[in-house]
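First comes the structure, then the notes that go with it.
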Amino acid sequence: MNAVRIVKPGQLEVFQMPMPELQDPGDVLLRMTAGGVCGSDVGIYHGTNAAATYPRIIGHEMVGVVEQVGSAVDAVSVGDRVIVDQVVACGHCYACRHDRPNVCGSLQVRGVHIDGGYREYMVVPSADCHLLPDDLSDTDAVMIEPTTIALQSVSRGEVTEDDDLLILGYGALGSSIMRVAQLLHPHVIIVADVDPAKLEDARAAGADHVIDGRSEDVATRVRELTEGYGATVSIDAACVGESLMTAMEATGNAGRVVNMGLSVTPIEINRFAITSKELDVRGSRLQRHKFPEAIELARTHRVDLRGSVSHTFPLVEAQRAFGLIDSRDPSIRKVALTIGE
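In terms of this note's numbering, the numbers along the sequence shown are unbroken and rise by one, the last being 712.
Encoded structure:
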């Protein structure tokens, strides 16, 4: 069967591997149908994702159909369409005992530390499979996983109706965050980006204010838009250069700053910006039991994922998909691979 792996940074290959077999009575065999391409996948390709190990079959936004079930499986049946949880946790370390498996001390993430979903078939425990709504296509369903990431970041930021929210970056991640945040009805949502087309998309999607980072000082403009106070929650979905420092500068006293980046490139931060305002600077990684919530939001159309994918490529043309993303074509919203067609 076909699979895609990153051999080492900069080297992607399509290769043949054996069909997997059930190993445990609780396992299921999935015929994979779609896989989203995430910024962290691109980071693995370029060698900027500090969590990744090589060689690795990537893909953590994983949609498939159940082809075979183990003798102890009763939660899913052959023919069910499912999305796969990417988190594999030990269940007994400090983080797991405090119900934070997404930062397990022995965390393994499918597509990052262990092989993921860019292959025609894979075996996973049935407990990691979540049933998909019937009216959501396989390619659109890959967006459920980014929705779980957005839910996690908004949860980490403790966003409420009393907040003025700043979202730095309006790519696939930033737009997912805004869709989720809108359900919580913050007082104001401000989006900052350097791409005019993305800012127009944000405005059309309901952002109260947009800031063009090319021509405006983000922190100054945020204070102007919040009666001089600054944002009360800032989420760094850009994760580039000085974006984290920008988020801290733009956040007012007693605010929360959520960092989502995985790069190990050193950056400068200002201690005074944290201490003087007593900021909470928090990481947000993966998701903590968010799949059922994200699927229910999609099922009830409270979050509309239909049409979110702008480009699709067959699995065997993964190199073209990554090349398109690297081109920074402004028409790109979300890229997905179709598998087994």
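No residue lacks a Cβ here, since even glycine has one placed at the ideal position from N, Cα and C.
Buried or exposed: which applies to residue i, given that a residue is buried once 16 or more other Cβ atoms fall within 10 Å of its Cβ?
i	result
M619	buried
Y425	exposed
V387	This sequence places Gln at residue 387; Val is not what is there. By the 10 Å Cβ count, Q387 comes out exposed.
T671	exposed
N641	exposed
C315	The first residue shown for the chain is 372 and the last is 712, placing residue 315 beyond what the model contains.
Y465	exposed
I638	exposed
P396	exposed
S431	Strictly speaking, residue 431 in this sequence is His, with Ser absent from that position. The residue in question, H431, is buried, as its Cβ has 16 or more Cβ neighbours within 10 Å.
M390	exposed
P557	buried
P517	buried
G482	buried
G654	exposed
Does residue i come out as helix, strand or coil in the three-state DSSP assignment?
i	result
M493	strand
S605	strand
A460	coil
N373	strand
D380	Residue identity check: residue 380 is Pro in the sequence provided, not Asp. In the structure shown, P380 sits in coil (DSSP, three-state: anything other than H, G, I, E or B).
P472	helix
T597	coil
C500	strand
A423	coil
A466	helix
V611	coil
T671	coil
I666	helix
So residue i is in the beta strand (DSSP E); what residue range does that whole segment cover?
i	result
H580	580-583
I454	452-455
V434	432-440
I710	Per DSSP, I710 belongs to no beta strand (DSSP E) and is neither H nor E.
H682	682-685
V720	The structure shown does not extend to residue 720, since the chain is modelled only from 372 through 712, so no value can be given for it.
Where do the N-terminal and C-terminal ends of the alpha helix (DSSP H) with residue i fall, by residue?
i	result
Q553	543-553
D697	689-698
R642	642-646
P567	567-575
Can you tell which of the options has its C-alpha closest to the C-alpha of residue i?
i	options	result
I428	H556, F684, V408, D651	V408
E392	M631, V385, A625, E491	E491
G623	F643, C610, M631	F643
L596	L668, D534, K705	D534
A512	E688, G694, I666	I666
S526	T510, L507, A552	A552
R704	V434, G545, V449, R592	G545
Q690	V385, K661, D470	V385
N420	S702, T683, V611	V611
V413	D697, A707, L708	D697
R452	G694, L502, I377, D564	L502
T531	S524, L555, V589	L555
Would the C-beta of residue i count as close to the ligand MG, meaning under 8 Å from any of its heavy atoms?
i	result
N420	This structure lacks the ligand MG; in fact it carries no ligand of any kind.
Extract the residue ranges of the alpha helix (DSSP H) inside the segment 385-418, only unbroken runs of 4 or more that lie entirely within it. 410-417
If you scan the segment 507-543 from start to end, which runs of the alpha helix (DSSP H) of 4 or more residues do you find wholly inside it? 509-512, 515-528
Whole runs of the alpha helix (DSSP H) within the segment 615-662, excluding any shorter than 4 residues: 642-646
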